[in-house]
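Residue numbering for the sequence shown follows my numbering, beginning at 32 and increasing consecutively.
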Amino acid sequence: MNDLAVRSVSALAMMLLALLAALQGGYYFAVLVAAAATAMFYEWMRIVRGWGIGWNISGFVYALIPALALLWIRDRAEHGIALLLWVFIVTWTTDMAAYFVGRAMGRRKLAPSISPGKTVEGLYGGMAGAALFGGAWVFVTELPPLLYVLAPLFALAAQGGDLFESWMKRRAGLKDSGDWLPGHGGILDRLDGLVPVAVLTAAVQLAVLR
């Protein structure tokens with residue numbers, strides 16, 4: 032099985048697991064989120080070994096805050112499950128559209144010193160994908176119209192989260208944050224975009240949407 036096939040199968044399995052847990056809610060979703068946050072913190076500590084106590088504390092916050100944001104969105108926010116699925120849709124379509132548009136059309140490097148594979152065209156593709164699919168979900172579920180505007184902006188934040196994690200790995204001399212996921216690397220490699228989208232969505236819900 033080639034690398035793209037392995038990557039696609041494992042991504043589909045992760046997405047289905049996340050969707051099933053999110054739809055079930057309660058204990059199932061809480062356990063999944065807690066497990067993901069624990070794995071994120073473990074991988075963060077592996078990356079920043081020797082960087083100092085400040086980085087260790089930052090890793091705890093980095094894993095905890097998005098976990099709390101996801102749990103709060105699911106069970107406390109207005110439109111809870113629909114808004115949580117919007118977070119997933121924006122994050123996933125950003126990642127997939129950026130990957131495929133970058134492979135097909137990418138010419139200009141986005142941040143060659145941090146992540147040589149990422150392109151400006153991929154960035155735009157990710158934002159367009161999030162706007163299209165995130166916007167469609169807003170229309171279907173009648174979520175607040177503000178989310179039409181936020182979808183591409185949060186896609187930009189998601190790719191910023193990806194670049195931040197890539198910078199950390201480059202500084203540490205690592206290719207992947209871990210080797211848990213076939214074709215993807217570690218948990219951080221898959222959730223680095225979800226972190227800012229989850230936190231920003233919860234913040235906007237608290238400040239504006241309710």
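All C-beta atoms, glycine included, are put in the ideal place defined by N, C-alpha and C.
Practice item. Identify the continuous alpha helix (DSSP H) that holds Ser-197 and give its terminal residues. Key: Counted from its first residue, the sequence shown places residue 197 at position 166. That run of the alpha helix (DSSP H) goes 177-203.
Exercise for review: Would you tell me roughly how many angstroms separate the C-alpha atoms of Thr-69 and Gly-90, rounded to the nearest one?
Suggested key: By 1-based counting over the sequence shown, the position of residue 69 is 38. By 1-based counting over the sequence shown, the position of residue 90 is 59. One C-alpha to the other measures close to 10 Å.
Point to revise | Close Cβ partners of Tyr-179 (< 6 Å) along its chain, the five nearest in sequence each way excluded | key: The sequence position of residue 179 within the sequence shown is 148, counting from 1. Excluding sequence neighbours, Tyr-179 sits near Gly-166 and Val-169.
Point to revise | Ser-41 in three-state terms, based on DSSP | key: What you label residue 41 is simply residue 10 of the sequence shown in a count that begins at 1. The answer is helix: DSSP assigns Ser-41 an H, G or I state.
Exercise for review: Apply the 10 Å Cβ neighbour rule to Ser-197 and answer buried if 16 or more other Cβ atoms are within range, or exposed otherwise.
Suggested key: Position 166 of the sequence shown, counted from the first residue, corresponds to residue 197. Buried, by the Cβ-count rule.
Practice item. Note down the Cα distance separating Leu-101 from Leu-225, rounded to an integer number of angstroms. Key: Position 70 of the sequence shown, counted from the start, is the residue given in the question as residue 101. Position 194 of the sequence shown, counted from the start, is the residue given in the question as residue 225. Straight-line Cα distance between these residues: approximately 10 Å.
Check your understanding: Is the Cβ-Cβ distance between Val-121 and Ala-98 less than 8 Å?
Key -> Here residue 121 refers to the residue found at position 90 of the sequence shown. Here residue 98 refers to the residue found at position 67 of the sequence shown. Their beta carbons are not under 8 Å apart, which means Val-121 does not touch Ala-98 by this criterion.
Exercise for review: Could you round the C-beta distance between Phe-164 and Arg-105 to whole angstroms and report it? I think they count as a contact, below 8 Å.
Suggested key: Reading the sequence shown from its first residue, position 133 is the one you call residue 164. Reading the sequence shown from its first residue, position 74 is the one you call residue 105. Contact flag wrong, Cβ pair sits at about 20 Å.
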